[in-house]
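Residue numbers (our numbering): 21 to 206.
C-beta atoms are modelled at their ideal positions from N, C-alpha and C, and glycine is treated no differently.
What follows is the structure in structure tokens.
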């Protein structure tokens, strides 16, 4: 049944986009049963900062899903201490605000127009040097017309609109979502 729903979702996407599939859309697999808080893993690609992977492990209704998607971070620079240009600093981002980090799913309606809609607010993070990176998010951009250059950001994690929409829907229905977290590795 889950396979049938995924096929229906792809068909609706093809109709909505005029018959063209979005580039490198998410993959989803059932990982078993049980409930646990959501866990996101951002695996930075040192060869291409705009071609990294965001994987989410989310429990919905006792079913554990693994959702993987292409993601970019920064403008191509792998320097995590370069504010508004480098990729996201390594480490954990927690929902309780420890280390000034956050992992909070919000509908952002203010500030930079690129970072709007359903986003994950990651707060601030000190990089491996002495720089504190601020205004960090997992987000998308706009509602259509995604190209490879859209994976660039000012240091956030950026995913395409189709992936963000699916991830938002799964996360919104997730078990214990207020205790979810993000781990960033390279």
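field: Residues near residue 60 in its chain [Cβ-Cβ closer than 6 Å; skip 5 each side]
entry: Along the chain shown, one-based indexing puts residue 60 at 40. Counting only Cβ-Cβ distances below 6 Å, and skipping sequence neighbours, we find 76, 202.
query: Residue range of the alpha helix (DSSP H) that residue 185 falls in?
result: By one-based count along the chain shown, residue 185 stands at place 165. It spans 181 to 192 - the alpha helix (DSSP H) in which residue 185 sits, taken as one unbroken run.
field: Spatial distance of residue 94 from residue 107 (CA atoms)
entry: Counted from its first residue, the chain shown places residue 94 at position 74. Counted from its first residue, the chain shown places residue 107 at position 87. The alpha-carbon separation between residue 94 and residue 107 amounts to approximately 4 Å.
Which residues DSSP lists as bridging residue 61, in chain order: On the chain shown, position 41 is the one that residue 61 refers to. Answer is 75, 203, bridged to residue 61.
Alpha-carbon to alpha-carbon, residue 89 and residue 104: Your numbering for residue 104 matches position 84 in the chain shown. Your numbering for residue 89 matches position 69 in the chain shown. Straight-line Cα distance between these residues: approximately 23 Å.
query: Which residues does DSSP pair with residue 133 in a beta bridge?
result: Looking up residue 133 in the chain shown gives position 113. Answer is none; residue 133 lacks a bridge partner.
Range covered by the beta strand (DSSP E) that runs through residue 99: Locating residue 99 in the chain shown gives position 79, counting from the first residue. Segment: none, residue 99 is in no beta strand (DSSP E) and carries neither H nor E.
query: Does DSSP put residue 113 in a helix, in a strand, or in coil?
result: By 1-based counting over the chain shown, the position of residue 113 is 93. It is a strand residue.
message: Between the alpha carbons of residue 100 and residue 86, how many angstroms are there, rounded?
response: In the chain shown, residue 100 corresponds to position 80, counting from 1. In the chain shown, residue 86 corresponds to position 66, counting from 1. Distance between the alpha carbons of residue 100 and residue 86: 27 Å.
message: So for residue 168, helix, strand or coil by DSSP?
response: As a position in the chain shown, residue 168 is number 148, starting the count at 1. Helix.
query: With DSSP run on the structure shown, which of helix, strand or coil describes residue 150?
result: Against the chain shown, residue 150 aligns to sequence position 130. DSSP places residue 150 in coil when its eight states are reduced to three.
- prompt: What are the boundary residues of the beta strand (DSSP E) that residue 106 is part of?
  reply: Against the chain shown, residue 106 aligns to sequence position 86. Careful: residue 106 lies outside any beta strand (DSSP E) and carries neither H nor E.
For residue 134, the nearest candidate out of 112, 152, 123, 172 (CA to CA): Position 114 of the chain shown, counted from the start, is the residue given in the question as residue 134. Among 112, 152, 123, 172, the Cα nearest to that of residue 134 belongs to 172.
message: On a Cα-Cα basis, can you pick out the residue from 84, 112, 183 that is closest to residue 45?
response: Translated into positions along the chain shown, residue 45 becomes position 25. Considering only alpha carbons, the answer is 183.
- prompt: Does the distance from the C-beta atom of residue 160 to that of residue 179 stay below 8 Å?
  reply: Residue mapping note: residue 160 aligns to position 140 of the chain shown, counting from 1. Residue mapping note: residue 179 aligns to position 159 of the chain shown, counting from 1. Here residue 160 is near residue 179, since their CB atoms are less than 8 Å apart.
query: When you compare only the Cα positions, how much space is there between residue 162 and residue 170?
result: Here the question's residue 162 lines up with position 142 in the chain shown. Here the question's residue 170 lines up with position 150 in the chain shown. If you draw a straight line from the Cα of residue 162 to the Cα of residue 170, it is about 10 Å long.
query: In whole angstroms, what separates the C-alpha of residue 47 from that of residue 116?
result: Numbered from 1 along the chain shown, position 27 holds the residue referred to as residue 47. Numbered from 1 along the chain shown, position 96 holds the residue referred to as residue 116. Looking at the two C-alpha atoms, the distance is approximately 29 Å.
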